[in-house]
Structures are given as C-alpha cells and as structure tokens.
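What follows is a short report on a single structure.
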Ligand SMILES: Cc1ncc(COP(=O)(O)O)c(C=O)c1O
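Residue numbers (my numbering): 182 to 631.
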C-alpha cells in the first residue's frame, strides 16, 4: 500500500505590516493604491525599497523583481550612475517651466538612437505621449478617426481606453465586426466612436477597414508587440504589410514604443522589426523609472508644432525627467547594457523551456528576450483573443507561487516578465529558474489533487 504523497508545504510570506497599510490606505486611496493595476485586494504589495534586480516589501520579504515597475527599470533599481546625476542636477532646482540643456540633449539622444525621427518633445507619462501623438496625427491629416488593435494598451486617456483588456472576449464583439469597448465608465461615447478597434496580425481585415473608412482615418496606433498579452509577436511580414497599407491610404503609422523603446534595440521595435513609422511614443526605459516620456516623428508631421497644435505641460521636460533621460540614454548608447539584458533573457527563456519540456506541457514562449511570457497552449497566439484559450489559470498559479517563494512576476498571465541589466548579477537567473521550477511543481501537484 502506498501512502498519498504529502502536499508540498506552501511558503508563507510575512504580511502583517502590509495588511495594516492596506487597511489604512483603503480609507484614503480608492483600492488602497494610486493605480487600479496595483490594487490586488488583501494581497496588495506595499514596497519599501529596491536595488538592482531585487525589491523588498514593507514586511521585509525579498523578491527578484520580474515586473520592474511594468517595464521602465531597464538598468536596475536605484542605479547609482543615473541617481547620482539626477541628484546633482535636481539641487539646482527642479521646475522652472523654462528649458534646460538636459532636455535638448535628451531629445538629441532620442534622435541619435532613433535616426528616422526629425523632431521630438518630452512629456511626463506614456499616456500623455500617446495622447499628443494622436492629436498631431489628427492635425496633420485633417482626419478624426484612429485605429487601434484589440488588447493593446496605450495609457489611460479617453482615446486609449477602447478594447483594451476584457476577460470575456465576447465583449469585444463579433470577430468580423469588433465593437469599440470602453474600459470603465466616464468615457463619452462620442469620443469612443472616434477609435476603431482592429485585430492584430490580420492584414486582410485591416485592408478591408481601410478600404471602407480610410479617408476618415488619421492614424493607426500600434504596440509593435502585444505588451498587454505576454508580448505576442507580429507574424512575419505583418509590420511591413501594415506600413505599406498605411502609405497606400495616406494613414499615419504611430509606433507606441512605450514598452519596446530602448529595450528591443537602441532604436526600439522600429529598429528591431526594420520599420520606419511616422510618429512614435516613448516612456518607461528612457528614464529607468523616473517619469520621462516623449513623442516624436518625421519632420513634416511634427511641423504642426508649435503653431497649429496645442502641446505643453508644467512638468514637460522637468529637470528630474530630463536629466534621468539624458543619463539613461547615454548609458544605453555607450555600454552593452542591452546586450546583457538580451543575453540574460535568452538564458531565462532557455531554462524555462527545458523545465516545461521535461513536464511534457504544451506551451509557447512569447515576446522578446527582454520582455517575454509563457502561454500554456498548443497554438501560437497571434492576437489578444487567443489569450482566452490559453491555460492562464496554470500560469497564474505559478506566478502566485513564485511570489511566495521570492520572485515577483505580475500575478496576471497577460503581463510579461521584464528583464533589466542588473538581473545578470549574482545568482538571480539560477534562483529565478529554481523558483519557477518549484512553483510549477506545486501548481501541477495542486491541480492533480483537484
Ligand atoms: C504601450 C504603452 N503605451 C502607453 C502606456 C502608458 O504609459 P504611462 O503608464 O506612463 O502613462 C503604457 C503603460 O504601460 C504602455 O505599455
């Protein structure tokens, strides 16, 4: 007679301080946080500090950070090269609504790394960058509508929150006739109607849409990979075909490089996929966590600024953002930080593959070595709707198990892991793989037990 194997003990995290903070914060901040995306109920994490590729919460639990603040921290937390420079600059005063040399240098660097760009301006967030890029496109073309792909995230302004991330794919409407689904209340239907949802990796449907409504469409805004669905990749030739189609119909192509910029390559996804868009938006990696962002484009398109289009902002190009962007972009230009990140991501992906192969599970790795995910599915996902058919319950169980064991991916199977330069240090890669392996075993055992 064989005894039932004992269930693996589930590691416990200390949570007392954070639970107390959650209850306190709930009285003041909706959901206990400043962003809906961080509101994880009683599991909401309250952070103490980060260093390199690691982060510590208020209870002193240490994690390998695989979220990296949803992507911005490309070098590592508290990077002294960046922080020392920002600290030195900020002592001269931070906000003048006057223009500093760092702003000019930061945008010169942005152009140097993305040589197709003629003019660029700083904003404070990716949300602002996509909002302004859309306005510039509308102003330049004299058209009103913007096409965006289902499942793509472009920030939290009204024009961006259409058909972003429903759990139920039926909410997106018929596959042949997707509906514009506003994320939450408060978005006027007149505004929602100016955004036309389309399906990623489906060039025939895009052509049909352009043939039907092309003369109303100012631009298509595109996350070069589906950053909101584990970084689903374009099929070979998709970006090239989309670029050709936009040119045929006089529609501008906006690459939203907020996640991919200065990450996939120094010149972002545009360089990586060999595409020249008309406009692009940047944020995240350009500031290593400081709130630096920008939009830029071809000279001719950007020529609507400053006279014909409104753009401004008290904090646009503020000293902290500009000095951070200057330093980060210099580091990315002058060092092999990106090569290190890509090598670390490649090693992590290979390790995950061999662990999953050994289990005989059906899976696909998605994205780019610097920003990738795992989808448990027989089929390669090609658009947001495909995520629903993956075994995301298994992924989520692994992710939650990883938190308990000391590594922190997002506990939502749509969000990729983000790799930073500092993840190459010490035993972070080996430890991450060990934690993934233990969490996978535990999740499979729990499933087997029902
Ligand atoms: C592709 C993309 N665009 C825009 C944004 C909005 O940027 P922010 O959060 O800085 O407003 C994000 C944020 O995750 C993003 O991933």
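Here a beta-carbon is modelled for each residue, glycine too, at the ideal position from N, C-alpha and C.
*Leaving out the 5 sequence neighbours to the left and right, which residues in its chain are closer than 6 Å to residue 536 when beta-carbon positions are compared?*
618
_Please state the DSSP three-state secondary structure of residue 195._
coil
_Whole angstroms are fine: how far does the CA of residue 250 sit from the CA of residue 269?_
24 Å
*Nearest-angstrom Cα separation, counted from residue 238 out to residue 131*: Residue 131 lies beyond the stretch modelled for the chain, which goes from 182 to 631, so this question has no answer here.
*Per DSSP, which residues does residue 420 bridge with? Please list them.*
Answer is none; residue 420 lacks a bridge partner.
*What are the complete alpha helix (DSSP H) segments, minimum 4 residues, inside the segment 190-257?*
197-207
_Give me the residue from 468, 591, 567 with the minimum Cα distance to residue 288._
468
_Check whether residue 494 and residue 337 have beta carbons under 9 Å apart_ = no
*By how many angstroms is the C-alpha of residue 361 removed from the C-alpha of residue 367?*
14 Å
*With a threshold of 16 other CB atoms inside 10 Å of the CB of residue 277, please say whether the residue is buried or exposed.*
exposed
*Using DSSP with H/G/I as helix, E/B as strand and the rest coil, what is residue 374?*
coil
_Looking at ligand 1, does it come within less than 8 Å of residue 335, judged from the CB to the closest heavy atom?_
yes
*Over what stretch of residues does the alpha helix (DSSP H) that includes residue 584 continue unbroken?*
573-586
*Are the Cβ atoms of residue 139 and residue 387 separated by less than 9 Å?*
Residue numbering for the chain in the displayed model covers 182 to 631; residue 139 lies beyond these limits and cannot be assessed.
*Any 3 or more C-beta pairs closer than 8 Å across the segment 506-518 and the segment 309-320*: no
*Quick one: any contact between the segment 566-573 and the segment 456-465, if contact means 3 or more CB pairs under 8 Å?*
no
*Can you have a look at residue 285 and say buried or exposed, based on whether 16 or more other CB atoms are within 10 angstroms of its CB?*
exposed
*Along the chain, which unbroken stretches of the beta strand (DSSP E) at least 3 residues long are found entirely within the segment 447-474?*
460-463
_Closest by C-alpha distance to residue 412, when choosing among 424, 393, 438_ = 438
*From residue 245 to residue 330, what does the alpha carbon distance come to, in whole angstroms?*
32 Å
*asked:* Please give the ranges of any beta strand (DSSP E) in the segment 268-356, keeping only runs that are unbroken, at least 3 residues long and fully inside the region.
replied: 300-304, 326-330
_Per-residue DSSP class, three states only, for residue 568_ = helix
*Among the residues of its own chain, which have a CB less than 8 Å from the CB of residue 518, if the five just before and after it don't count?*
255, 256, 512, 602
_Three-state secondary structure (DSSP) of residue 561_ = coil
*Would you grab the beta carbon distance between residue 557 and residue 597 for me? Rounded to a whole angstrom, and I think it's under 8 Å.*
Not confirmed; about 15 Å, so no contact.
*Would the beta-carbon of residue 300 fall within 9 Å of that of residue 478?*
yes
*So who's on the other strand from residue 402, going by DSSP bridges?*
329, 435
*Quick one, are the C-beta atoms of residue 377 and residue 390 less than 9 Å apart?*
yes
_residue 409 CB to nearest heavy atom of ligand 1 below 8 Å_ = yes
_For residue 604, the first and last residue of its enclosing beta strand (DSSP E)_ = Taken as a continuous stretch (DSSP letters only), residue 604 belongs to no beta strand (DSSP E), as it is neither H nor E.
*Collapsed DSSP secondary structure at residue 555 in the structure displayed*: strand
*Kindly indicate which three-state DSSP category residue 549 falls into: helix, strand or coil?*
strand
*Report the rounded CA-to-CA distance for residue 480 versus residue 402, giving the unit in angstroms.*
18 Å
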